[in-house]
Amino acid sequence: MQAPTRPVPIPQRERQSPTAKTSDAVTIAKITADGNVRIAEITATSVADRYNSEMLGRLGAGLAWPIAVVIVVWVLSGPLKNLLNKLSDFKGFGFEATFERKLENLAEQVAQSGQASESTGPFNPTQNAEPTAEEAEQAAQEQSIEGDFQPSTPVPQDLGDQGPPTLRGDLRHYYQEALRVESTMLIHDGWRNIERELQALGTRSGVPPTNSLQTSRRLLEYGVLDHDTYHQIMEARQLRNMVAHGDDTAVSRAQAGLYAQTARALAERLRFMLPAGSASGSGTL
Numbered sequence: 053m054q055a056p057t058r059p060v061p062i063p064q065r066e067r068q069s070p071t072a073k074t075s076d077a078v079t080i081a082k083i084t085a086d087g088n089v090r091i092a093e094i095t096a097t098s099v100a101d102r103y104n105s106e107m108l109g110r111l112g113a114g115l116a117w118p119i120a121v122v123i124v125v126w127v128l129s130g131p132l133k134n135l136l137n138k139l140s141d142f143k144g145f146g147f148e149a150t151f152e153r154k155l156e157n158l159a160e161q162v163a164q165s166g167q168a169s170e171s172t173g174p175f176n177p178t179q180n181a182e183p184t185a186e187e188a189e190q191a192a193q194e195q196s197i198e199g200d201f202q203p204s205t206p207v208p209q210d211l212g213d214q215g216p217p218t219l220r221g222d223l224r225h226y227y228q229e230a231l232r233v234e235s236t237m238l239i240h241d242g243w244r245n246i247e248r249e250l251q252a253l254g255t256r257s258g259v260p261p262t263n264s265l266q267t268s269r270r271l272l273e274y275g276v277l278d279h280d281t282y283h284q285i286m287e288a289r290q291l292r293n294m295v296a297h298g299d300d301t302a303v304s305r306a307q308a309g310l311y312a313q314t315a316r317a318l319a320e321r322l323r324f325m326l327p328a329g330s331a332s333g334s335g336t337l
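Per this note's numbering, the very first residue in the sequence shown carries number 53; after that it's consecutive.
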């Protein structure tokens, strides 16, 4: 019979505590499965080094994507800027092309309607009578608007040639801005003429005063406006809204002048329209 083996005595250093602290290290005693004792010391320096390495690894992984994005944006900043400029130019060109096409179609329709009305006779039997003071004043204002129109004027090439480059650039900018404001005012004035005649026609026809859109629809329902005139009014309204809500996109003076002339012709037709069922001009709805 084999005599039992005596357990190996644990050194005094190991029997004090599984984790015994010294001045600069932590001693860990671990008994393995085979009964042996393993002693390990962990110093503060080793723990700090391991912690720092793990933090640096996590920090590097976290900054990898932001740094990559910054580098890509920096490398592609030039091409992206050029692309955005091209898109802005294309947007402005698209606006100008659409506005010009719609305006030319509207001007042609209004001119054809005016010729048709002349061949069938005037709207108002008394249009040859002497104009009232209000009508004369309004006609003078419209003629003034039309007289202010001149064909599209390019920016003078010698504008500010005697000054420094910065002054020349500022002068050309202010000149172009003045042309843009003038063109916008011509379009707004033309639309106001149409609105004024619409309201007057609505009053003669018994339509309660409201905005131009509702007045036009009511006049169409009452049979005062024909479909062609109604659609021409809507087209003129849409063109005006394109300019009003077109941000910095401007139309040329030639286009603004054509709009003013077309609006004047359309307003003139509305002025001499009679309420439905009042051939003598005395009836109302």
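Glycine included, each C-beta is placed from N, C-alpha and C at the ideal position.
Worksheet entry | Contiguous alpha helix (DSSP H) assignments of at least 4 residues, all confined to the region 249-328 | At a cut-off of 4 residues, the continuous stretches assigned as alpha helix (DSSP H) that sit fully inside the region 249-328 are 264-273, 279-296, 305-323.
Worksheet item: Between the C-alpha atoms of N263 and R269, what's the straight-line distance to the nearest angstrom?
Response: 10 Å
Worksheet item: Measuring CA to CA, which of A319, S105, Y274, V162 is closest to A252?
Response: Taking only the C-alpha atoms, the option nearest A252 is A319.
Worksheet item: Between E152 and the rest of its own chain, which residues show a CB-CB distance below 7 Å, the 5 nearest in sequence each way excluded?
Response: Q307
Discussion item. Rounding to the nearest angstrom, what Cα-Cα distance links M237 and G258 in this structure?
Written reply: 31 Å
Fill in: Candidates D241, S105, V121, of which the one nearest T291 by Cα
One detail in the question is off: residue 291 reads as Leu in this sequence, not Thr. Answer by Cα proximity: D241.
Worksheet item: What do you reckon, are the CB atoms on I239 and V295 nearer than 8 Å?
Response: yes
Item to complete: Quick one: residues in its chain with C-beta nearer than 8 Å to the C-beta of L250, no 5 flanking neighbours on either side, listed in chain order?
Response: S264, T267, S268, L271, I285, L322
Discussion item. Quick check: R289 and N245, are their CB atoms within less than 8 Å of each other?
Written reply: Contact check for R289 against N245 fails: the beta carbons are separated by 8 Å or more.
Worksheet entry | Residue from L326, S235, H283 with nearest C-alpha to G154 | A small correction: the amino acid at residue 154 is Lys; Gly does not occupy that position in the sequence shown. Ranking L326, S235, H283 by Cα distance to K154 puts H283 first.
Practice prompt. Taking V276 as the reference, give the member of G309, N157, R256 with the closest Cα.
Written response: R256
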